[in-house]
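Enquirer: Pasting in a structure now, in structure tokens, and then I'll have a few things to ask.
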Amino acid sequence: GDSVTQMEGPVTLSEEAFLTINCTYTATGYPSLFWYVQYPGEGLQLLLKATKADDKGSNKGFEATYRKETTSFHLEKGSVQVSDSAVYFCALSGRSAGNMLTFGGGTRLMVKP
Amino acid sequence: GAGVSQSPRYKVAKRGQDVALRCDPISGHVSLFWYQQALGQGPEFLTYFQNEAQLDKSGLPSDRFFAERPEGSVSTLKIQRTQQEDSAVYLCASSFPLMAAAATDTQYFGPGTRLTVL
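Line by line, the protein sequences give chains A and B.
All letters in the first sequence, in the order written, are residues 1 to 113 by the working numbering.
All letters in the second sequence, in the order written, are residues 1001 to 1118 by the working numbering.
Rendered as structure tokens:
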């Protein structure tokens, strides 16, 4: 079945550092890929998505490119801020009926001033 | 309302009690999903509705779990005879599919209900 593997955290960075959170997936067909973020005390929010190979999703300075050849969707940001501290989830949606999301285990990011 | 709402936000139950968790999706959203998120893990799919029809319940962990959406809007997830392993955050999400096979659609999540079974 479908699965998502993302790097374990916590990831601790200083403000303005470069961020990469790795995400790889296993799926049949051509899934859509998502990054969701969960800020402390809040619900899951969509950060960005890509729906076909080579698409790049971007939002709030974050970006991720759908790489079919490496089955990856790594999240990057050039300069993190303290306010980016949160848990980040990589997810995929297959083309089966219902299109439920399959999530990775989440990566906690802590940004220190 | 502007987003997906869930109630109660927190629920403490004694082992063996029945609980009911409510989800109000975004108005007009056809699809509704329930997920279970254990502490420190990613959400896991439980069940899916399209309008009032429950099209997939493959993720429900046992027959103690039951979900309904009788009028195609509000949904209730019921857990009978709760067990300690049921302790988790239960998330509801809704989406408005733009086409029949809409894996591209964004799911909008509610804040979740944190269930603690003692």
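All C-beta atoms in this analysis are idealised placements derived from N, C-alpha and C, irrespective of residue type, glycine included.
Please read these numbers as outputs of a predicted model, since none were measured by experiment.
Along the chain, which unbroken stretches of the beta strand (DSSP E) at least 3 residues long are found entirely within the region 1019-1068 of chain B?
Expert: The region 1019-1068 of chain B contains these whole beta strand (DSSP E) runs: 1019-1024, 1031-1037, 1044-1050, 1053-1056 and 1065-1068.
Enquirer: So residue 6 of chain A is in the beta strand (DSSP E); what residue range does that whole segment cover?
Expert: Translated into the one-based positions of the first sequence, residue 6 of chain A becomes position 6. Its beta strand (DSSP E) spans residues 3-6.
Enquirer: Quick check: what's the CA-CA separation for residue 11 of chain A versus residue 110 of chain A?
Expert: Position 11 of the first sequence, counted from the first residue, corresponds to residue 11 of chain A. Position 110 of the first sequence, counted from the first residue, corresponds to residue 110 of chain A. Computed Cα separation, rounded: 6 Å.
Enquirer: Per the contact definition of three or more C-beta pairs closer than 8 Å, is the region 1005-1018 of chain B in contact with the region 1043-1061 of chain B?
Expert: Segments in contact, no.
Enquirer: What residues in the region 1105-1117 of chain B have a beta carbon less than 8 Å from any beta carbon of chain A?
Expert: Those residues of the region 1105-1117 of chain B that come within reach of chain A (Cβ to Cβ, closer than 8 Å) are 1105, 1106, 1107, 1108, 1109, 1110, 1111 and 1112.
Enquirer: Kindly identify the DSSP beta-bridge partner or partners of residue 103 of chain A.
Expert: Along the first sequence, read from residue 1 onward, the residue named residue 103 of chain A stands at position 103. Residue 103 of chain A pairs with A/91.
Enquirer: Between the Cα of residue 1033 of chain B and those of A/78, A/100, A/71 and A/84, spot the shortest distance and give me the residue it belongs to.
Expert: The residue given as residue 1033 of chain B occupies position 33 in the second sequence. For residue 1033 of chain B, the nearest C-alpha among the options comes from A/100.
Enquirer: Comparing the C-beta of residue 101 of chain A with each C-beta of chain B, is any distance below 9 Å?
Expert: As a position in the first sequence, residue 101 of chain A is number 101, starting the count at 1. Residue 101 of chain A counts as touching chain B.
Enquirer: Under the three-state reduction of DSSP, which class applies to residue 83 of chain A: helix, strand or coil?
Expert: In the first sequence, the residue the question calls residue 83 of chain A occupies position 83. Residue 83 of chain A falls in the helix class under three-state DSSP.
Enquirer: Apart from the five residues just before and just after residue 1054 of chain B, which ones in its own chain have a Cβ nearer than 8 Å to its Cβ?
Expert: Numbered from its first residue, the second sequence carries residue 1054 of chain B at position 54. These residues qualify, in order along the chain: 1047, 1048, 1067, 1068 and 1069.
Enquirer: Is any beta-carbon of chain E found at less than 9 Å from that of residue 1094 of chain B?
Expert: The structure shown contains no chain E; the protein chains it does contain are A and B.
Enquirer: Is residue 72 of chain A closer than 9 Å to residue 32 of chain A when the C-beta atoms are compared?
Expert: On the first sequence, position 32 is the one that residue 32 of chain A refers to. On the first sequence, position 72 is the one that residue 72 of chain A refers to. Against a cut-off of 9 Å, the Cβ pair of residue 72 of chain A and residue 32 of chain A comes out as no contact.
Enquirer: Can you give me the Cβ contacts of residue 22 of chain A inside the same chain, cut-off strictly under 6 Å, excluding the 5 residues immediately before and after it?
Expert: To locate residue 22 of chain A, count along the first sequence from 1; it is residue 22. The answer, listed in chain order, is 7 and 74.
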